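Residue numbers (this note's numbering), protein chains in the order written: chain A, 70 to 392; chain B, 24 to 346.
Built from N, CA and C at the ideal position, the CB exists for glycine as well.
Computed from a predicted structure; not experimentally measured.
Working notes for the structure below.
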């Protein structure tokens, strides 16, 4: 029996390539060129399985992949996949949950401390030779310990953040989620609040919802208005969960003291975005899961899911809508 | 009784100044101008007390302040005190321990996260418009959860850091200290190791010793060479604990992966110090305790200690060598 044909459409560690090659007739794309439908359509014509990161899987692409059985996302989020279109053509979609929770939670804490204590701003300040003797009170930041953290979206990453905040920094942790998580409340000593109450009480707001039709612009002008004067917004989930224009206004007016943002409505962030000139906003290039260890683990997870589907027809990592 | 006279050598919050004025006659430096030795000598000629940060209290000062009885540091460190010179004259010296432990510990976790996940570097990268492509594997960092932290000098701040690292981030924490702290070992699940072993095995080495003749250049070329090439050095104690020239060499030549620094051999650091050109050094301007809330609390603690001592009450804040 011949091996199924597979395409790897994102750079992955060599061992992962070898693993897939053992099970599949594999094509690895040329990553010196940008990866999009135009550049790859001739390469994916026979593909039965694909390992992807961020590549848009929609009718347009699927028209070029008549044999495709599975698209495996290296990420947890899969809003790049048109799940309905895939369903119609019986193409399965997998993702890689569980692998990156701790790495993303580390980064969320990093953004929080960085915004509150202004580390990136003050690192640049020092490197530019601006540190001179005298009154330093303009460089003071805000305490993280014992302040109130509001988490919107309490999944595995939310729990990992709550653990750090509560046990490490003795923060008061409150959360909002579609469904209450009583076991987590008990284990971590955190409290459920309706969303508007949470917004009014949090010193730091962390959004951790997946991006869906319901969560797009979940945080807009009305929600930001409800927040405390001098509070902070941290987003490392998906940019469109926050109305960026409203966020920029709240930062410009001084309503918010600062923000830590790893994700944006449009990525890469356009060069004329007002966020890029704000010293009180920490901006990073969608890198919350970006450690070598975790990216290797994610690539392994996606490759295994793809091979599993090709060999057995199913995988535990098939996205919930298709189960 | 005539009110004692004091010199306020560093800015304190208004309500603290009001408090001092109630029980003391106050002269205050004009903070629009940098302090000069001549200016200081003139102001201390007839004062009973001084409240300040980092002012060198040695023979030269004391010879010019015949009435001086109490010096109050708005800081925990008191290496600005010439303890022998003060002892000989029976001068009381106080500091403000305890108040800032949590705030400094927050910053230390911030330095660890900023170094490992390259947040200041990536903030500059994004802000300068360099973020243009989706593949960003050259921007990846290192995980902190599950990694090992070695703390050299286990006092109150060390304990707070250990709590965050161990209970929050699931780090493997070991420490070296002159005296073992069995209670802390048990409470936090941390391990005592000789210093050399800490240097050899830790992913993050944190220096938390006070500055004394024994700890001056505690970490030099030999110690840096014992560290792993993938490890980071974090210093938020005193700059002189590290041989800065050796550290610069270590960072330039890749003996270690990076450093997170809040303190330097000379402060403010010279604008042409090679450290400031290194992307793998996070350099913040001695802001360990610099949040508005904590600095207010430190000023209150220092002011109360000064007034207590001037009115003949033991403040409980005297540094051990002078009590």
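Item	Value
Close-in-space but distant-in-sequence residues of the same chain around residue 144 (chain B) (CB under 6 Å, 5 per side omitted)	302
Assigned exposure category for residue 335 (chain A) - 16 Cβ within 10 Å defines buried	exposed
Residues that residue 338 (chain A) contacts on chain B, provided the C-beta gap is smaller than 7 Å	149, 154
Residues of its chain near residue 278 (chain B), where Cβ-Cβ distance is below 8 Å and the 5 sequence neighbours each way are ignored	247, 248, 250, 252, 272
Contact check, residue 327 (chain A) vs residue 184 (chain A), beta carbons under 7 Å	yes
Any chain A beta carbon closer than 7 Å to residue 129 (chain B)	yes
C-beta atoms of residue 330 (chain A) and residue 352 (chain A) nearer than 7 Å	yes
Cβ shell of residue 189 (chain B) (< 7 Å), same chain only, five flanking positions each side left out	196, 211, 212, 213
Alpha helix (DSSP H) runs wholly inside the region 304 to 345 of chain A, at least 4 long, in chain order	313 to 321
Contact list for residue 206 (chain A) against chain B, beta-carbon separation under 7 Å	34
Closer than 8 Å at the beta carbon, the chain B residues around residue 84 (chain A)	Within chain B, no residue comes near residue 84 (chain A); the closest Cβ sits about 15 Å away, beyond 8 Å.
Inside the region 119 to 197 of chain A only - beta strand (DSSP E) runs reaching at least 3 residues	139 to 142, 161 to 163
Paired residues, beta bridge with residue 276 (chain A) - DSSP	A:221, A:304
Nearest to residue 370 (chain B) (by Cα), restricted to the options B:58, B:109, B:260, B:45	Any answer about residue 370 (chain B) is impossible in this case: the structure gives chain B only from 24 up to 346.
Own chain partners of residue 69 (chain B) with C-beta closer than 7 Å, once the 5 adjacent residues on each side are dropped	28, 90
Cβ contact check for the region 347 to 364 of chain A and the region 197 to 212 of chain A: 3 or more pairs under 8 Å	no
Whole-number beta carbon distance between residue 103 (chain B) and residue 74 (chain B), since they are thought to touch under 8 Å	So it is not a contact: roughly 13 Å between Cβ atoms.
Proximal residues to residue 354 (chain B) (C-beta, below 8 Å), its chain only, five neighbours per side dropped	Shown here, chain B extends from 24 to 346; a query on residue 354 (chain B) therefore has no answer.
Proximity test, Cβ basis, 7 Å: residue 306 (chain A) and chain B	no
Cβ-based contacts, 8 Å cut-off: residues of the region 313 to 344 of chain B near chain A	313, 314, 315, 316, 317, 318
Residue-level contact to chain B via CB, residue 217 (chain A), 7 Å cutoff	no
Residue 38 (chain B) classed as buried or exposed, judged by whether at least 16 other C-beta atoms fall within 10 angstroms	exposed
Residue 317 (chain B) in three-state terms, based on DSSP	helix
Interface partners of residue 382 (chain A) on chain B, CB under 9 Å	Ordered by position in chain B, no residue passes the 9 Å Cβ test against residue 382 (chain A), which lies about 31 Å from the chain.
Range of the contiguous beta strand (DSSP E) that encloses residue 116 (chain B)	115 to 117
Where the beta strand (DSSP E) through residue 75 (chain B) begins and ends	72 to 75
Unbroken stretches of the beta strand (DSSP E), 3 residues or longer, contained in the region 210 to 269 of chain B	227 to 230, 255 to 258
Exposure label - residue 199 (chain A); buried when at least 16 CB within 10 Å	exposed
Check whether residue 286 (chain B) and residue 230 (chain B) have beta carbons under 7 Å apart	no
Proximity below 7 Å, CB of residue 258 (chain B) to CB of residue 183 (chain B)	no
Host beta strand (DSSP E) of residue 46 (chain B) (start-end)	Segment 37 to 46 is the alpha helix (DSSP H) holding residue 46 (chain B); no beta strand (DSSP E) there.
Chain A contact for residue 179 (chain B) (CB, 7 Å cutoff)	no
Residue 111 (chain B) to residue 138 (chain B) span [Cα, whole Å]	45 Å
Environment of residue 194 (chain B) [buried if 16+ CB atoms lie within 10 Å]	buried
Residue 121 (chain A) versus residue 234 (chain B) - alpha carbon distance	53 Å
Buried/exposed call for residue 103 (chain A), threshold 16 Cβ in 10 Å	exposed
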